[in-house]
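Counting in the working numbering, the sequence shown runs from 1 upward without gaps.
We treat Cβ as the ideally placed atom computed from N, Cα and C, and that holds for glycine.
Data block below; observations after.
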Amino acid sequence: MKIKSVEAFQLPMGAGEATSPRCAFVRIETEDGRFGLGEASPMQGGVASLGIIARDMAPYLVGKDVLDHTILLDTLFHKCVKLGPEGATTAALAALDIALWDLKGKLLGQPVHKLLGGAWTTSLPCYTSIGNNSGRTVDEVLRVVERRVAKEKPAAVKIRWDGDRTKQDVDLAGDIAKAKAVRKLLGDDFVIGFDANNGYSIGGAIRVGRALEDLGYMWFEEPVQHYNVRAMGEVAQRLDITVSAGEQTYTLQGLRELIDAGVRMVQPDIVKMGGITGLMKCSALAHAHGVELVPHQTQPTVGHLANIHVLSTIMHLAKPVELADNWERGSPVFVNPSEPNNGRFELPTAPGLGVQFDAVELEKRKIVIKF
1 MKIKSVEAFQ LPMGAGEATS PRCAFVRIET EDGRFGLGEA SPMQGGVASL
51 GIIARDMAPY LVGKDVLDHT ILLDTLFHKC VKLGPEGATT AALAALDIAL
101 WDLKGKLLGQ PVHKLLGGAW TTSLPCYTSI GNNSGRTVDE VLRVVERRVA
151 KEKPAAVKIR WDGDRTKQDV DLAGDIAKAK AVRKLLGDDF VIGFDANNGY
201 SIGGAIRVGR ALEDLGYMWF EEPVQHYNVR AMGEVAQRLD ITVSAGEQTY
251 TLQGLRELID AGVRMVQPDI VKMGGITGLM KCSALAHAHG VELVPHQTQP
301 TVGHLANIHV LSTIMHLAKP VELADNWERG SPVFVNPSEP NNGRFELPTA
351 PGLGVQFDAV ELEKRKIVIK F
């Protein structure tokens, strides 16, 4: 089956179209009118990735066979490698890869997880990921945690800092106080993670990490700047708590470097790390090295569905699936797939990804990227 067209577009996500953040999508359509949807990293609205797709990748794909999936994307990777193998190019390839899997599933009449070898589970627990806590008081942190847990009934909670990445160790004592308060609120047995969002020096990370160990936190995410792999590894090796990283890693080689440095929980993101194909490779790499794979995933629609199809195929799934802030923003275009049901995500059984959306609303809102 030949590819007829490749369309790259942005969508304002949420009810307030003018002020909503924009997410980045791609639609690949075949000669018989069937199509697949993919999603790229939304950083800066994904405009860089969408531009690469529209200018450098779409013309090459038109007329090619959909089932030559791997050859097509490996060719495009090397065709565009001088743009940089990490970042916008890899996110563009992730969107195309997800769209091709969605399309392939529709052509073959099977859900993506079946094409990947089958699902160990069709019901995946979620963890609630709560951001922007660096600017909150202790009481404000507790109120938002309590509200989200009551609404979403998650299997675990992650509190994120989302602070100013140009500053380090801004309020170590205050951060520890918030971590203590959340532990007291949720109880001794509740699973909790702590995401520093690159906010500490090595020394600051060690201090906070020791406190988190005493409090029984399960993991400590990106304590230092993600690009300083040596520092991330040093923190990981000096602490007993599991240190995680990888959401800002775009290649398999980069992920291997984190593992080699000592990181024992890796968190690549499907809309950055080569899509479904890329995340399956990450799963194999993590399994080979005996580390946990717990993907980062904050997009509530296409990226989310692609992510849970992959995670359903992993035999020893270590942690719940991320449910980030503002997951409701998929409405009104998408029949929101990231709404948890009693703390769990149900795996779609329709062909492809199982994306459901309002076609009229999508056409009205989309902003097509052209060259």
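Excluding its 5 nearest sequence neighbours in each direction, Ile314 has C-beta neighbours in its own chain below 8 angstroms: Trp120, Ser283, Leu293, listed in chain order. Burial state of Leu37 is buried, judged by a 10 Å Cβ sphere holding 16 or more other Cβ atoms.
With a cut-off of 8 angstroms on Cβ pairs, the region 316-332 is not in contact with the region 81-101, counting fewer than three such pairs.
The way I'd put it, the region 305-314 does touch the region 101-114; three or more beta-carbon pairs between them come closer than 8 angstroms. Runs of beta strand (DSSP E) with 3 or more residues, each lying fully within the region 258-329, are found at 321-323, listed in chain order. Membership of Ile176 in the alpha helix (DSSP H) is indicated by the continuous run 172-186. With respect to Cys126, Gly343 sits close: the two C-beta atoms are nearer than 8 angstroms. Beyond the five residues adjoining it in sequence on each side, Gln225 comes within less than 6 angstroms, by CB distance, of Asn198 in the same chain, given in chain order. Proximity of the region 332-342 to the region 133-147 falls short of the contact definition, fewer than three beta-carbon pairs being nearer than 8 angstroms. Put simply, of Trp219, Arg34, Glu322 the residue whose alpha carbon is nearest the alpha carbon of Glu152 is Glu322.
DSSP, reduced to helix, strand and coil, places Trp120 outside both helices and strands of the structure shown, so it counts as coil.
In the DSSP annotation of this structure, the continuous segment of the alpha helix (DSSP H) that includes Pro59 starts and ends at 58-61. By alpha-carbon distance to Ala155, the top candidate from Thr298, Leu124, Phe357, Gly352 is Leu124.
Between Val271 and Gln299 the beta-carbon gap is near 6 angstroms, inside 8 angstroms, which marks them as a contact.
Here the alpha carbons of Leu107 and Leu72 stand approximately 18 angstroms from one another. In the DSSP annotation of this structure, the continuous segment of the beta strand (DSSP E) that includes Glu221 starts and ends at 219-221.
Taken in chain order, the unbroken stretches of alpha helix (DSSP H) that lie wholly in the region 80-148 and span 4 residues or more are 88-108, 112-115.
DSSP, reduced to helix, strand and coil, places Thr349 outside both helices and strands of the structure shown, so it counts as coil. Sorting Val26, Asp74, Ile28, Lys79 by C-alpha distance to the C-alpha of Asp56 places Lys79 at the top. Its Cα nearest to that of Ala286, the residue Leu255 stands out among His309, Leu255, Ala261, Gly275.
Here the C-alpha atom of Arg210 lies approximately 12 angstroms from the C-alpha atom of Ala179.
Checking the DSSP bridge columns, you'll see Ala8 partnered with Val26.
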